[in-house]
Each structure stands twice: as structure tokens, then as C-alpha cells.
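Colleague:
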Amino acid sequence: MEKQSTLNKTLESIFQKHLAKSDMESMHELKKKGKLNKTDARVVAELLRYVEHFLYANTEMIVSSINLNGTIHAFSNSMIKQDPMLGQVFEYTSSTPVACSAHELEVGAWKYLFGFNSEEGKKMTREFTTTFDSEIGAIHIDGVAAIRKFVEADRVVITYTTLLSPLGSGLVFRENGWLVINDTSDRPSRSPTLLSSYRLYLEKRDVAAAMSLKTTYLHSFVLMSQGEKMRSYQQQIQNALLLELDLKTIVEQVGPCPAQYDSKVQ
58 MEKQSTLNKT LESIFQKHLA KSDMESMHEL KKKGKLNKTD ARVVAELLRY VEHFLYANTE
118 MIVSSINLNG TIHAFSNSMI KQDPMLGQVF EYTSSTPVAC SAHELEVGAW KYLFGFNSEE
178 GKKMTREFTT TFDSEIGAIH IDGVAAIRKF VEADRVVITY TTLLSPLGSG LVFRENGWLV
238 INDTSDRPSR SPTLLSSYRL YLEKRDVAAA MSLKTTYLHS FVLMSQGEKM RSYQQQIQNA
298 LLLELDLKTI VEQVGPCPAQ YDSKVQ
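Per this note's numbering, the very first residue in the sequence shown carries number 58; after that it's consecutive.
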């Protein structure tokens, strides 16, 4: 119990730092304050449909792609690839065996990553703003996100999509993400695993903005900066989970240190 509490505190610290940087605000709160107009409501409804009918529907393809790197050992990989339809895509994938149970990881991810306890619902939307410092000054970005959780017999799938728009740029980026928590409680010899896939690409460019050198710079800068921020964030989570798994393995193989050893440490 003490070890699990330590892991929860570590993950909570990482998650909360990320939320602070993003300055997120609940869409539910925005609705109560009357900040959303009809266009915003339509966008949110469409994002939720996209998460359910496109992202979740493609979960098996994403899992199969991640599993090509192996299903036992941890790994992470990031790249910028050229997609024939989407253009440049920042992509990050990872697989992480974990020391905690699948349920504990699910609750932690839902509570600390997205701001709610698992029992409070299976979908949510958020609006947020974030700022990057660049060679041409501060770049302010407005975003709206939709997140959905799907509980299956042997796994939990969390999918999310985000639209990001640098103010006044005429550009709209899209983030798509999958978190798949595999439950291995029926196989005690296997640890639960967290599979992660993240993609960022330019979805829309105004025709008038296509000739602008500033727009070209913004495209490249946001793709790299936002992609690297998300990669770094997910890498921190993976490192914390792997550290806890290493400690658990040592205790199982060697056993806890005898109490008398502690008194000899100066």
C-alpha cells in the first residue's frame, strides 16, 4: 500500500505540472459561465463523435502497430513522418509494463491526466490556452479537446482529440491520442501494460495564409514544440512507471532488506 501511494503521488505530480502548463478549464464550467456559443457547441459535439466513431474504431490497428515492437519489454519511439494525405506528422508511441493494477492505472490516468475520477463519467471536453516563446515572439494557442473512455472486458481504452489554433494564423492542428491499459489479472505472470500512441499534424490552412513565410514558420514551430512537449510529458510518465516496476522486481527477487541493515547505514 505504501509503495502504491508513492507511485500515485509521483504520477499526480507529473500530471498536475502538465495541467498547470496548459492552463486548462473545464468545458462544463465554461457552459455555466455562458462563454460557449452555438458554433463552439457544434465543434464539441463533432469532436466527441470523432473520438468515438473514428479513433476508438481504429484502436486495434493502433495496438497492432505498437505490438510490432514487442509485447513484453518497454519501449518508446518518436518521429516526424511524411504522410501522403496529412503531410508532416509528429508521432510518438510507447509500451510500458506497470507495477500497479490496471484499475489503479485507469483511475490515476482519468483523475490526474484529465481532471476527473473514473466514476464521474466516461467522456469530457475541455477548452484551454497555452503559450510558446519563439524567435518571432510569444505564440498564443487556443485549444479544445474531447476525451472518451471505453471499458472493455480485458482492457480500458482512452481516446482523445484536440484542435489547436495559433491566434491569427489561419492554421488548425489536430492531436489524436490513444491510451490502452491492458488488464492481465487472469495472467499473474504478466504485468499490466500501458500502450500509448500520439499524433499531431496540420489539419487546416487558410488559402490566404498559404503564401506567408510566418505561417510556414508557425507550422514547423508548433509541430515540433507541441509534439516535443507531449513526448517529454509521456516519457516522464513512462520513466516513473518503469522505476516503480524495477523496485517491485528487486523486492520480489531479493526480498526486503533486513531491519538490521538499516541501522548500519550512516
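Yeah, the Cβ is synthetic: ideal placement off N, Cα and C, and Gly gets one too.
1) Between the segment 268 to 276 and the segment 245 to 256, do three or more beta carbon pairs fall short of 8 Å?
2) Should VAL237 go down as buried or exposed, given a rule of 16 or more other Cβ atoms within 10 Å for buried?
3) Whole angstroms is fine: what's the gap from PRO223's alpha carbon to ILE198's?
4) What separation, rounded to the nearest whole angstrom, lies between the Cα atoms of ALA195 and LYS180?
5) Using a Cβ distance threshold of 8 Å, determine whether the segment 214 to 223 contacts the segment 130 to 148, with at least three qualifying pairs required.
6) What did DSSP end up calling THR273 once you bin it into helix, strand or coil?
7) In angstroms with no decimal places, state the Cα-to-Cα distance between LEU112 and GLN293.
8) Straight-line CA distance for THR219 to ALA202?
9) When you compare the segment 226 to 236 with the segment 125 to 135, are there three or more beta-carbon pairs, one atom per stretch, that lie closer than 8 Å?
10) Could you give the DSSP three-state label for SER122: helix, strand or coil?
11) Check for me: the alpha helix (DSSP H) holding ALA159 runs from which residue to which?
12) Less than 6 Å between C-beta atoms, sequence neighbours within five positions excluded: which residues of the same chain meet that for MET81?
13) ASP140 by DSSP, collapsed to three states: which one?
14) Who are the near neighbours of SER152 in its chain, counting only those whose CB is closer than 7 Å to its CB and skipping five residues on each side?
15) Do TYR107 and MET287 come within 8 Å of each other at the CB atom, strictly closer than that value?
16) Return the CA-CA distance between GLY200 and LEU221, expressed in angstroms with no decimal places.
17) Let's see if you can read the secondary structure: which residues bound the beta strand (DSSP E) around HIS110?
18) Where does SER358 land, buried or exposed, given buried means 16+ other C-beta within 10 angstroms?
19) Can you tell which of TYR274, MET281 and THR241 has its C-alpha closest to the C-alpha of TYR258?
20) Closest by CA to ASN115, which one among SER191, PHE207 and ALA102?
21) What residue range is occupied by the uninterrupted beta strand (DSSP E) comprising LYS206?
22) Around the Cβ of ARG99, are there at least 16 other Cβ atoms within 10 angstroms (buried) or fewer (exposed)?
Modeller: Considering the structure as presented:
1) no
2) buried
3) 4 Å
4) 32 Å
5) no
6) helix
7) 24 Å
8) 4 Å
9) no
10) helix
11) 159 to 165
12) Caution applies to MET81, whose pLDDT of 41 falls short of 50 and renders its modelled position unreliable; the model cannot decide the point.
13) strand
14) ILE123, ASN126, ALA131, PHE132, THR250 and LEU252
15) no
16) 4 Å
17) Run containing HIS110: none; DSSP gives neither H nor E here.
18) This structure gives no information on residue 358, because the portion of the chain shown stretches from 58 to 323.
19) MET281
20) PHE207
21) 194 to 208
22) exposed
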